[in-house]
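Here's what the structure looks like:
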């Protein structure tokens, strides 16, 4: 049954991928533990992008629309998906959420997955980039202890660097562990609170979108 | 299929429960996000208990035996379960691990579940008490955003209180949210680093074990 759920999900993920390509949208699937700072990171990402790259946000949670409320402070359109007891987002939920999002003028969709460092790894949503966050408070060995999700990461973001000293965070060890678990991933060291690393991250997003448009231009 | 996995798990959990009763063992299932500080909390719990209450530990991770290594520093016997891609522990894994644990002289078994604030809630392991940790760095609204796991908590432990100020943790809001999600749970505010709250927690464990022995005495 798990197999057939996955293959149904894979088909719907490809539909989403085609839909995104037709609209010239770059799409990120953002994954992490609960409490790693996804929401604040995405809010500050969008704020700083301003009109350079217009983003919409889809956010998944078991319950509450607290995150959607926080994300709306960025000025971006936000759709909340409430999953009940489901531990991950699926491609079908994204397909439905797209109908509620005003896509006009958007170049970027940020999907904030349910806080879970295990299960969402198995579900393609049709995204271009999988972004895995972990915060300095979680410990340097997370990439080694949760290999399935780090193995599928295109980007690894270390968040809450402002707390690094208070947590006695060992940066070199963390970077070495990311290198082992996700050798090809781009790494960003950030603090959404102080702004550290956020400009490089936004530049990376803008370049990704440019490369994508050049490779796959929309009709005039 | 999920239904039948769960009912198989429930049967094996009852077997574990009977086994624990026959040996006079108190058993805790300790649940949290990755990086909430379960391992350090359990290590310090056991260190402080000394010979008052002898504990054994079973620890689940997708990969590595880093946590087992850390836990051995407590002096307690430790069995590591490596789950591969499985996002939670099941009763059957505990049954197998019990065969590797020297039970002689133990009164307490601490089970550190896979770091996941969603899926482990659905799997009874035969424990007496479900203990849910969340750290001050994760944000005050975690109990509202992950209701299934908080609803089954007998105890909620707030960890890493030493970082409360650095995170601008709102203690009153956190306590109010726990009250809403888990109205009957005992709450402990702790720092395994400074020792804050650890003595009250250990006293609670000792009292729980005494109540259990009085209710269900072993044959002489």
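Chains as they are written, first to last, in our numbering: chain P, 649 to 868; chain D, 649 to 868.
Each residue gets a CB set at the ideal place from its N, CA and C atoms; glycine is no exception.
- Bridge partner(s) assigned by DSSP for residue 726 of chain P: Its beta-bridge partners are P:705.
- Consult DSSP for residue 837 of chain P and reduce its assignment to one of helix, strand or coil. Strand, per DSSP.
- If you check the beta carbons only, do residue 806 of chain D and residue 835 of chain D fall under 9 angstroms apart? Note that the C-beta distance between residue 806 of chain D and residue 835 of chain D is below 9 angstroms.
- Give the range of the alpha helix (DSSP H) segment to which residue 694 of chain D is assigned. DSSP places residue 694 of chain D inside the alpha helix (DSSP H), whose first and last residues are 686-697.
- Query: Which same chain residues, not among the five before or five after residue 756 of chain P, have their C-beta less than 6 angstroms away from its C-beta?
  - Reply: Result list for residue 756 of chain P: 674, 701, 703, in chain order.
- Using 9 angstroms as the limit for Cβ to Cβ distance, is residue 794 of chain D near chain P? Interface residue, yes.
- Message: So with CB distances below 8 angstroms, who are the chain D contacts of residue 790 of chain P?
- Response: One finds 682, 683 in chain D with Cβ atoms closer than 8 angstroms to the Cβ of residue 790 of chain P, taken in chain order.
- Message: In whole angstroms, give me the CA-to-CA distance for residue 683 of chain D and residue 866 of chain P.
- Response: Their Cα atoms are separated by approximately 43 angstroms.
- Message: Using beta carbons (cut-off 9 angstroms, strictly below), is residue 827 of chain D in contact with chain P?
- Response: With 9 angstroms as the cut-off, residue 827 of chain D does not count as an interface residue toward chain P.
- Message: Using CA atoms only, rank isn't needed, just tell me which of D:711, D:769, D:715 is closest to residue 738 of chain D.
- Response: Answer by Cα proximity: D:769.
- Task: Specify whether the stretch 763-779 of chain P and the stretch 659-668 of chain P touch according to this definition: at least 3 beta carbon pairs, one from each stretch, less than 8 angstroms apart.
- Result: Three or more Cβ pairs closer than 8 angstroms define a contact, and the stretch 763-779 of chain P meets that threshold against the stretch 659-668 of chain P.
- Query: When the Cα atoms are used, what is the spatial distance from residue 804 of chain D to residue 780 of chain D?
  - Reply: When rounded, the separation of the alpha-carbon atoms in residue 804 of chain D and residue 780 of chain D is 5 angstroms.
- Item | Close Cβ partners of residue 842 of chain D (< 6 angstroms) along its chain, the five nearest in sequence each way excluded | Within the same chain, Cβ atoms closer than 6 angstroms to the Cβ of residue 842 of chain D are found at 810, the five residues on either side in sequence being excluded.
- beta strand (DSSP E) containing residue 760 of chain P: first to last residue? For residue 760 of chain P, the enclosing beta strand (DSSP E) begins and ends at 756-760.
- Proximal residues of chain D, C-beta to C-beta of residue 709 of chain P below 9 angstroms: 793, 794, listed in chain order.
- Item | Sufficient close CB pairs (3 or more, under 8 angstroms) joining the stretch 708-721 of chain D to the stretch 744-764 of chain D | Remark: three or more beta-carbon pairs, one from each stretch, lie closer than 8 angstroms, so the stretch 708-721 of chain D and the stretch 744-764 of chain D are flagged as touching.
- Query: Looking at the unbroken alpha helix (DSSP H) that takes in residue 677 of chain P, where does it start and where does it end?
  - Reply: No alpha helix (DSSP H) holds residue 677 of chain P; the beta strand (DSSP E) holding it covers 674-679.
- When DSSP labels each residue in this structure, what does residue 782 of chain D get in the three-state scheme? Correct three-state label for residue 782 of chain D: strand.
- Message: Considering only DSSP beta bridges, list what residue 806 of chain P is partnered with.
- Response: According to DSSP, residue 806 of chain P bridges with P:782, P:837.
- From which residue to which residue does the alpha helix (DSSP H) around residue 746 of chain D run? Its alpha helix (DSSP H) spans residues 739-748.
- Message: Within a Cβ cutoff of 8 angstroms, which residues of the same chain sit near residue 731 of chain P, ignoring the five residues on either side of it in sequence?
- Response: Result list for residue 731 of chain P: 708, 709, 710, 737, 741, 762, in chain order.
- Message: Using a Cβ-Cβ cutoff of less than 6 angstroms, which residues in the same chain neighbour residue 771 of chain P once the five nearest sequence positions on both sides are dropped?
- Response: 657, 736, 738, listed in sequence order.
- Message: Taking contact to mean 3 or more Cβ pairs, one atom from each stretch, closer than 8 angstroms, check whether the stretch 852-866 of chain D and the stretch 714-732 of chain D are in contact.
- Response: Judged by Cβ distances under 8 angstroms, the stretch 852-866 of chain D makes no contact with the stretch 714-732 of chain D, as fewer than three pairs qualify.
- Task: Give the C-beta separation of residue 801 of chain P and residue 784 of chain P to the nearest angstrom, bearing in mind that I take them to be a contact with Cβ-Cβ under 8 angstroms.
- Result: The Cβ separation is near 17 angstroms, so there is no contact.
- Where residue 814 of chain D meets chain P, residues with beta-carbon distance less than 7 angstroms: Correct list: 811, 814.
- Message: At the 9 angstroms Cβ level, is residue 762 of chain P part of the contact set with chain D, yes or no?
- Response: Judged by the 9 angstroms Cβ criterion, residue 762 of chain P is in contact with chain D.
- Show which residues of chain P have a CB atom less than 7 angstroms away from the CB atom of residue 787 of chain D. Near residue 787 of chain D (Cβ distances below 7 angstroms), the residues of chain P are 683.
- Burial state of residue 831 of chain P (16 or more Cβ within 10 Å): With fewer than 16 other Cβ atoms within 10 Å, it is exposed.
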